[in-house]
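In this note's numbering, the protein residues as written are 52 to 223.
Written below as structure tokens is the structure these notes are about.
Take a look at the structure:
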């Protein structure tokens, strides 16, 4: 419901009709009155109408700056939302992989302990006989490098020792 207000701002009488709350209107009047008095104190040559125009310019500039900041924050929010969705998808993938690894771990533990697995074996997990066959095949296919022969320290010289032999004083 609209109400009519008679306002006094920097000794200027003005009538306003608005549906705003009276406390809100008084708050606005207080802010504008203080700002206009500040401008008049800084510049005595400035009239009250010029002070009102300067206040209007300042408030419009503030509103534009806040609008620009609001748009920038909305863009950031959209970008962060996209990043969040990406992280949610990655989390879901990692959760699925973790569940698969848990099943594989259970199968391997049951193989080691000899107890049957509690859950059904996934399709991509080999059966115990296949797993043992793969392990045995890997073990036979690996070429074991022969151990290095140990040299007799009394008859062999290290590389450093042979270098010093080259630089000995006996050769001169």
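All residues carry an ideal CB built from backbone N, CA and C; glycine is no exception.
Fair warning: this is a prediction, and the values are worked out from it, not measured in the lab.
Assigned exposure category for residue i - 16 Cβ within 10 Å defines buried
i           : result
residue 63  : exposed
residue 158 : buried
residue 117 : exposed
For residue i: DSSP bridge partner residues
i          : result
residue 64 : 59
residue 54 : 69
Rounded C-alpha distance that separates residue i from residue j
i           : j           : result
residue 173 : residue 151 : The predicted position of residue 173 is uncertain, since its pLDDT is 48 and thus under 50; a value taken from the coordinates is nonetheless stated next. So the alpha carbons of these two residues sit roughly 8 Å apart.
residue 144 : residue 156 : 18 Å
residue 78  : residue 105 : 19 Å
residue 127 : residue 115 : 18 Å
residue 60  : residue 107 : 13 Å
residue 85  : residue 120 : 26 Å
residue 132 : residue 124 : 12 Å
Candidates the options, of which the one nearest residue i by Cα
i          : options         : result
residue 67 : 77, 59 and 55   : 55
residue 83 : 94, 100 and 72  : 100
residue 81 : 140, 58 and 120 : 58
Sequence-distant residues of its chain with Cβ nearer than 8 Å to residue i (five each side left out)
i          : result
residue 69 : 53, 54, 56 and 76
Cβ shell of residue i (< 7 Å), same chain only, five flanking positions each side left out
i           : result
residue 222 : Since pLDDT at residue 222 reaches only 46, below the 50 mark, its modelled position is unreliable, and the value read off the structure follows with that caveat. Closer than 7 Å at the Cβ level, and outside the excluded window around residue 222, lies no residue.
Contacting residues, own chain, Cβ-Cβ under 6 Å from residue i (five flanking each side not counted)
i           : result
residue 142 : none
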